[in-house]
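Participant:
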Amino acid sequence: MSDATPPAGQSRWIGISTGHRVAKAAGGLVTFAGAVLGIVVALDQLGVIDPLGGTENALAAAAAKTSDAGSATIDLARTIQTESTVVEDQAHGEFDFRAEVGTLDHANGLQQRFIKPYLYQLGAANRQVWCQYDLSILGRGFLFGALTGFENDPGKALANLDEYGSHDEVGEETLFGVTTTHYSGNVELGQLVEQEENRETRELLEAFSQYNAGQLPVEVWISSDEFVRRLRTSFDIPGEDYGVAGRVHIDATFDFSDFGTQVEVTQPGSETISPPGQNGCPLQP
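Residue numbers (numbering that gives the first Met the number 0): 0 to 284.
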């Protein structure tokens with residue numbers, strides 16, 4: 000089975016940073032292309048008073064401020080575990096969440112450049128050709144996937160946990176020299192299904208919920224300046240998405256810094272760009 004397991008970057012349940020094939024839900028449900036959750040936190044629900052503690056809702060405040068920043072530097076660490084194989088992946092880059100432009104350079108040599116409407120990918124083996132893919136085949140939310148409800152805005156992970164889940168304060172922790180408050184909880188996927196009007200997204204959420212007992216665990220670290228500094232989640236997906244039997248377990252951690260950074264992405268030269276299926280470029284990213 001390990002021979003069938005692709006290298007890091009092959010599943011779409013968490014997003015493009017963890018993989019790029021269109022994952023199909025159990026029973027031939029929908030693909031991720033066009034999956035939009037569209038969870039929006041109403042303005043009158045931001046900065047509300049916490050009836051238990053009498054203080055401002057930290058998750059809602061951080062969700063708003065993180066979303067407003069619009070961009071950040073990202074460090075990704077994830078583990079993909081099958082019945083017989085464990086794959087580790089790390090990546091570093093920066094991303095403009097509104098414009099959907101950014102970079103991700105993986106430790107295994109894979110380089111990705113996002114310049115809407117395309118993804119340009121330089122493989123570890125072929126350093127001469129940038130493979131060009133239409134971002135629309137990846138669907139909305141290709142960066143964070145299920146963690147943010149298929150939105151490319153990290154603030155949505157906090158909003159979802161606050162609106163459609165429950166959480167507890169774990170305590171203060173220092174991350175890369177920054178003091179943060181750690182929260183841990185679960186998003187109730189059934190509540191997301193109930194409020195979702197898009198049929199394909201609803202079916203996607205239902206399938207994901209079935210694989211994860213109706214809950215998505217989410218951990219959040221918020222700094223005193225009300226920015227999210229770390230997001231962590233873990234979940235199972237169908238093994239068929241990796242070409243293996245059984246289930247695949249994924250742990251993913253995103254670290255954030257330099258909010259509001261100016262993201263500049265260099266367009267690959269036209270002579271170095273190739274379409275899928277040519278010059279060694281896979282048919283799908």
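All residues carry an ideal CB built from backbone N, CA and C; glycine is no exception.
#1: Kindly list the residues whose CB is nearer than 6 angstroms to the CB of Arg126, restricted to its own chain and excluding five residues on each side of it in sequence; keep chain order.
#2: Are the beta-carbon atoms of Leu58 and Ile221 separated by less than 9 angstroms?
#3: How long is the line joining the alpha carbons of Gly92 and Gln209, rounded to whole angstroms?
#4: Please state whether the Cβ-Cβ distance between Leu142 and Phe96 is less than 9 angstroms.
#5: Just the C-alpha distance for Leu174 and Arg77, rounded to the nearest angstrom, thanks.
#6: If you compare alpha carbons, which of Ala145, Leu134, Ser273 and Ser83 is closest to Tyr117?
#7: Where in the segment 74 to 111 do unbroken runs of the beta strand (DSSP E), each at least 3 residues long, occur, reported from the N-terminal end onward?
#8: I need the DSSP call for Ala158, collapsed to helix, strand or coil.
#9: What does the Cβ neighbour count give for Asp43, buried or exposed, with the cut at 16 atoms within 10 Å?
#10: Report yes if the CB atom of Val217 is closer than 9 angstroms to the CB atom of Ser256, and no otherwise.
#11: Going by Cα to Cα distance, which pick from Val227, Ala123, Ser66 and Leu204 is closest to Glu172?
#12: Check the DSSP bridge columns for Leu134 and list the partner residues they point to.
#13: Using 8 angstroms as the cut-off, can you tell me whether the segment 252 to 271 makes contact with the segment 64 to 81, which would need three or more C-beta pairs spanning the two stretches below that distance?
#14: Looking at the unbroken beta strand (DSSP E) that takes in Gln127, where does it start and where does it end?
#15: Less than 7 angstroms between C-beta atoms, sequence neighbours within five positions excluded: which residues of the same chain meet that for Val169?
#16: DSSP on Gly144, reduced to helix/strand/coil?
#17: Grab the span of the alpha helix (DSSP H) containing Leu344 for me, first residue to last.
#18: Tell me, which residues are paired with Asp167 by DSSP?
#19: Please state the DSSP three-state secondary structure of Ser256.
#20: Report back the beta-carbon spacing between Gln131 and Tyr163 to the nearest angstrom; my notes put them in contact at under 8 angstroms.
#21: Could you please give the first and the last residue of the uninterrupted alpha helix (DSSP H) stretch that includes Glu218?
#22: Take Ile79 as the anchor and find which of Asp235, Leu146 and Gly276 has the nearest alpha-carbon.
#23: Could you tell me if Gln277 is buried or exposed, where buried requires 16 or more neighbouring beta carbons within 10 angstroms of its beta carbon?
#24: Using C-beta distances below 6 angstroms, list every residue in its chain close to Glu225, excluding the 5 sequence neighbours before and after it, in chain order.
#25: So for Asp150, helix, strand or coil by DSSP?
#26: With a 10 Å radius around its C-beta and 16 neighbouring C-beta atoms as the bar for buried, classify Ala156 as buried or exposed.
#27: Compute the Euclidean distance between the alpha carbons of Gly176 and Arg231, then round it to the nearest angstrom.
Facilitator: Result, derived from the coordinates:
#1: Here the question's residue 126 lines up with position 127 in the sequence shown. There are no such residues.
#2: Here residue 58 is taken as the residue at index 59 of the sequence shown, counted from 1. Here residue 221 is taken as the residue at index 222 of the sequence shown, counted from 1. In this structure, Ile221 lies closer than 9 angstroms to Leu58 by Cβ.
#3: By 1-based counting over the sequence shown, the position of residue 92 is 93. By 1-based counting over the sequence shown, the position of residue 209 is 210. Cα to Cα, the separation comes out at about 32 angstroms.
#4: Against the sequence shown, residue 142 aligns to sequence position 143. Against the sequence shown, residue 96 aligns to sequence position 97. Yes. Within cutoff.
#5: The residue labelled residue 174 in the question sits at position 175 within the sequence shown. The residue labelled residue 77 in the question sits at position 78 within the sequence shown. Going by the C-alpha atoms only, they are around 18 angstroms apart.
#6: Within the sequence shown, residue 117 is the residue found at index 118, counting from 1. Selected option, being the one with the closest Cα: Leu134.
#7: If we require 3 residues or more, the beta strand (DSSP E) runs fully inside the segment 74 to 111 come out as 85 to 95 and 100 to 105.
#8: Residue 158 sits at position 159 when you count from the first residue of the sequence shown. In this structure, Ala158 counts as helix in the three-state DSSP scheme.
#9: Here the question's residue 43 lines up with position 44 in the sequence shown. Reliability fails at Asp43, whose pLDDT of 28 lies under 50, so the model's placement of it is uncertain and the value that follows must be treated cautiously. Classification of Asp43: exposed, given that the 10 Å Cβ count is below 16.
#10: As a first step, residue 217 is located in the sequence shown; it is residue number 218 there, counting from the start. As a first step, residue 256 is located in the sequence shown; it is residue number 257 there, counting from the start. Contact: no.
#11: Against the sequence shown, residue 172 aligns to sequence position 173. For Glu172, the nearest C-alpha among the options comes from Val227.
#12: Locating residue 134 in the sequence shown gives position 135, where the first residue counts as 1. According to DSSP, Leu134 bridges with nothing at all.
#13: yes
#14: Numbered from 1 along the sequence shown, position 128 holds the residue referred to as residue 127. Note, Gln127: premise wrong, no beta strand (DSSP E); not H, not E.
#15: Taking the first residue of the sequence shown as position 1, residue 169 is located at position 170. Only His181, Tyr182 and Ser183 meet the Cβ criterion.
#16: Locating residue 144 in the sequence shown gives position 145, counting from the first residue. Of the three classes helix, strand and coil, the one that applies to Gly144 here is helix, per DSSP.
#17: The question about residue 344 has no answer here: the residues shown for the chain are numbered 0 through 284.
#18: The residue labelled residue 167 in the question sits at position 168 within the sequence shown. Bridge partners of Asp167: Ser183.
#19: By one-based count along the sequence shown, residue 256 stands at place 257. Note: Ser256 maps to strand in three-state DSSP.
#20: The residue labelled residue 131 in the question sits at position 132 within the sequence shown. The residue labelled residue 163 in the question sits at position 164 within the sequence shown. With a Cβ gap of about 37 angstroms, Gln131 and Tyr163 do not count as contacting.
#21: Counted from its first residue, the sequence shown places residue 218 at position 219. Unbroken run through Glu218 is the beta strand (DSSP E), Gln214 to Ser222; no alpha helix (DSSP H).
#22: Taking the first residue of the sequence shown as 1, we reach residue 79 at position 80. Among Asp235, Leu146 and Gly276, the Cα nearest to that of Ile79 belongs to Asp235.
#23: Against the sequence shown, residue 277 aligns to sequence position 278. That one is exposed.
#24: Counting from 1 along the sequence shown, the entry for residue 225 is found at position 226. Sequence-distant partners of Glu225 (beyond 5 residues in either direction) whose C-beta falls short of 6 angstroms from its own C-beta, in its chain, are Ala60, Ala61 and Lys64.
#25: Within the sequence shown, numbered from 1, the residue matching residue 150 stands at position 151. According to the sequence shown, residue 150 is Glu rather than Asp. DSSP places Glu150 in coil when its eight states are reduced to three.
#26: For the purposes of this step, residue 156 is taken as residue 157 along the sequence shown, with counting starting at 1. Ala156 comes out buried.
#27: Locating residue 176 in the sequence shown gives position 177, counting from the first residue. Locating residue 231 in the sequence shown gives position 232, counting from the first residue. When rounded, the distance between both Cα atoms is 19 angstroms.
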